[in-house]
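To keep things clear, I will list the structure first and then write my remarks on it.
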Amino acid sequence: MYRSLLLLLALALGGLSSVRAELTIEVTGGVEGAQPIAVVPFGAAQGLAPPVDVAAVIAADLARTGRFRAMPTREMLTTPHRPEQVDLREWRLLGINSLVIGEVVPGSLAGFQINSVLFDVFSGDQLAALSMPASAAGMRLAAHRLADAIYEELTGQQGVFSTRIAYVTVEAEGDGRRTTLRVADADGHNPQTTVSSREPIMSPAWTPDGRRLAYVSFENGRSNIYLQELASGRRELLASYRGINGSPAFSPDGNRLAMTLSKDGNAEIYVLDLITRELRRLTDHYAIDTEPAFSPDGNTIVFTSDRGGQPQIYRVSSAGGTAERVTFRNDYNARASFAPDGRSLALVTRVDGRFRIARLDLVRNDLQLLSGGPLDESPSFAPNGSMIIYATRHNGRGVLAATSVDGSVTQRLSQEASEVREPAWSPFVE
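Numbering-wise, our numbering puts 84 at position 39 of the sequence shown, and it's gapless, one number per residue.
Following this line, the structure appears as structure tokens:
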């Protein structure tokens with residue numbers, strides 16, 4: 046957020062490896078009347094030993110949305126694996142709305158095949174028959190993709206369980222601190238280290254294809270913007286100008302990168318054409334302009350500026366022109382990002398001295414508070430627009446939290462022994 050630029054100012058003037066520390070997710074609030082669903086433990090063909098409990102992953106994914114209440118396995122009277130074994134009258138008596146069954150069988154190429162069926166218990170309809178190939182290493186991802194398909198069938202909205210989140214951790218190391226940029230599955234499992242340094246790392250930003258991350262690193266004693274390929278670890282230096290190089294943000298087509306530079310003396314918004322490498326200055330004002338973010342159509346950039354005396358959100362055409370103010374409620378609004386449909390912004394606002402996450406409806410000009418503060422920052426939309434992940438503090442330690450866009454569902458993501466901050470939710474990845 047805007048305070049991050051102040052840290053960046055002070056600092057400027059002054060290959061993937063696995064890690065074992067997974068994020069722990071705790072659902073702290075859910076929707077009243079969550080729909081009861083039973084995900085029966087999946088069977089396995091004789092001689093197979095699946096390395097992942099597929100049903101448990103699917104049930105946990107659905108439960109975390111707050112829209113579903115997964116039935117505990119111990120309460121199930123039977124555990125069918127195939128449609129012909131299902132007696133829907135039994136599940137009706139248990140008050141279950143939806144039923145998921147399945148089994149893991151040998152696969153032709155990948156090693157395993159996961160077959161599952163989704164039932165509407167009360168209508169008796171078989172809503173979907175799903176089949177997913179999986180290797181041993183990819184079985185958890187396959188389970189997430191099955192959960193995505195089930196979620197979409199039941200809600201009409203694309204699931205985000207197979208997406209990923211990037212985040213920064215900070216922990217003590219000797220007489221200093223170790224800062225690490227990590228990428229994990231959306232449920233906090235399978236964390237991978239992208240880069241690790243004794244110097245600060247900030248502002249991770251995904252490319253639209255979900256294969257690379259841009260970020261700010263101070264590893265050479267000054268702020269630089271790097272672009273790193275996640276699969277190979279190969280990286281490229283994108284900006285290393287005098288002064289501030291910060292707040293990278295990609296255009297929806299991935300061909301442009303907006304950023305904050307102070308190479309001409311003041312913090313301004315610039316846009317780098319990643320194909321031609323032409324750098325274009327977008328704003329020109331004596332105030333601090335920072336934290337750019339593209340609209341989903343790529344035609345507009347919102348940014349934070351104190352040109353009105355206090356940090357507020359402004360927007361400008363990505364082709365250039367006059368900036369106009371967007372936020373007017375509260376004396377501090379910063380770190381805005383667009384919802385995937387372009388109709389609202391997630392941002393940080395200050396109310397009674399507390400920094401809180403809010404959602405600004407751009408159509409109705411309505412600002413809705415989503416978090417309680419007091420030090421919430423770095424909001425990032427899920428790619429389906431249903432949730433917002435952000436950084437906060439709990440018991441004196443930096444953690445991540447997520448909220449539904451109406452504020453009714455909340456969860457907390459933490460990691461032992463580390464401060465966690467600067468989350469960025471990935472786009473959908475094929």
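Where is the CB? At the ideal position from N, CA and C, for every residue including glycine.
Compute the beta-carbon to beta-carbon distance between Ile433 and Thr448, rounded to the nearest angstrom, for a pair I have assumed lies under 8 Å.
With a contact defined as Cβ atoms closer than 8 Å, Ile433 and Thr448 qualify at about 6 Å.
Test item: CB-CB of Ile103 and Ile195 under 8 Å
In contact: Ile103 and Ile195 (Cβ atoms closer than 8 Å).
Assuming Val99 and Gly140 form a contact by the criterion Cβ under 8 Å, report the distance between their Cβ atoms to the nearest whole angstrom.
Gly140 and Val99 do not touch by the CB rule: their CB atoms are close to 24 Å apart, not below 8 Å.
Whole runs of the alpha helix (DSSP H) within the stretch 70-114, excluding any shorter than 4 residues
Runs of the alpha helix (DSSP H) lying entirely within the stretch 70-114, each at least 4 residues long, are 99-109 in chain order.
DSSP puts Tyr286 in a beta bridge; with which residues?
For Tyr286, which the question treats as bridged, DSSP gives no partner whatsoever.
Which value, in whole angstroms, describes the spacing of the CA atoms of Glu43 and Ala231?
Examination of residue 43 is not possible in this model, given that the chain is present from 46 through 475 alone.
Please state the DSSP three-state secondary structure of Gln130.
Note: Gln130 maps to helix in three-state DSSP.
Alpha carbons only, please: which of Lys308, Pro419 and Val162 is nearest the one belonging to Val131?
Nearest to Val131 by C-alpha distance, out of Lys308, Pro419 and Val162, is Val162.
Is the beta carbon of Val166 closer than 8 Å to that of Arg137?
Going by C-beta atoms, Arg137 is nearer than 8 Å to Val166.
Using the rule of at least 16 other Cβ atoms within 10 Å of the residue's Cβ for burial, across every protein chain shown, is Ala276 buried or exposed?
In the assembly as shown, Ala276 is an exposed residue. Its beta-carbon has fewer than 16 other beta-carbons within 10 Å.
Can the beta-carbon of Gly430 be found less than 8 Å from the beta-carbon of Ala384?
For Gly430 and Ala384, yes; Cβs fall inside 8 Å.
Taking 8 Å as the threshold, find out whether the stretch 203-217 comes into contact with the stretch 170-184 through three or more Cβ pairs.
As far as the Cβ criterion goes, the stretch 203-217 does not touch the stretch 170-184, which means the pair count is below three.
C-beta atoms of Ile346 and Pro356 nearer than 8 Å:
Cβ distance not < 8 Å, so Ile346 and Pro356 don't count as in contact.
Just to confirm before moving on: does the CB-CB distance between Leu191 and Ala259 stay below 8 Å?
Result no, Cβ atoms of Leu191 and Ala259 do not sit closer than 8 Å.
Sequence-distant residues of the same chain with beta carbon closer than 8 Å to Asp411, five excluded per side:
Excluding sequence neighbours, Asp411 sits near Leu405.
Give the DSSP-derived three-state secondary structure of Arg243 in the structure shown.
Coil, per DSSP.
Report yes if the C-beta distance between Ala391 and Ala381 is below 8 Å; otherwise report no.
Yes.
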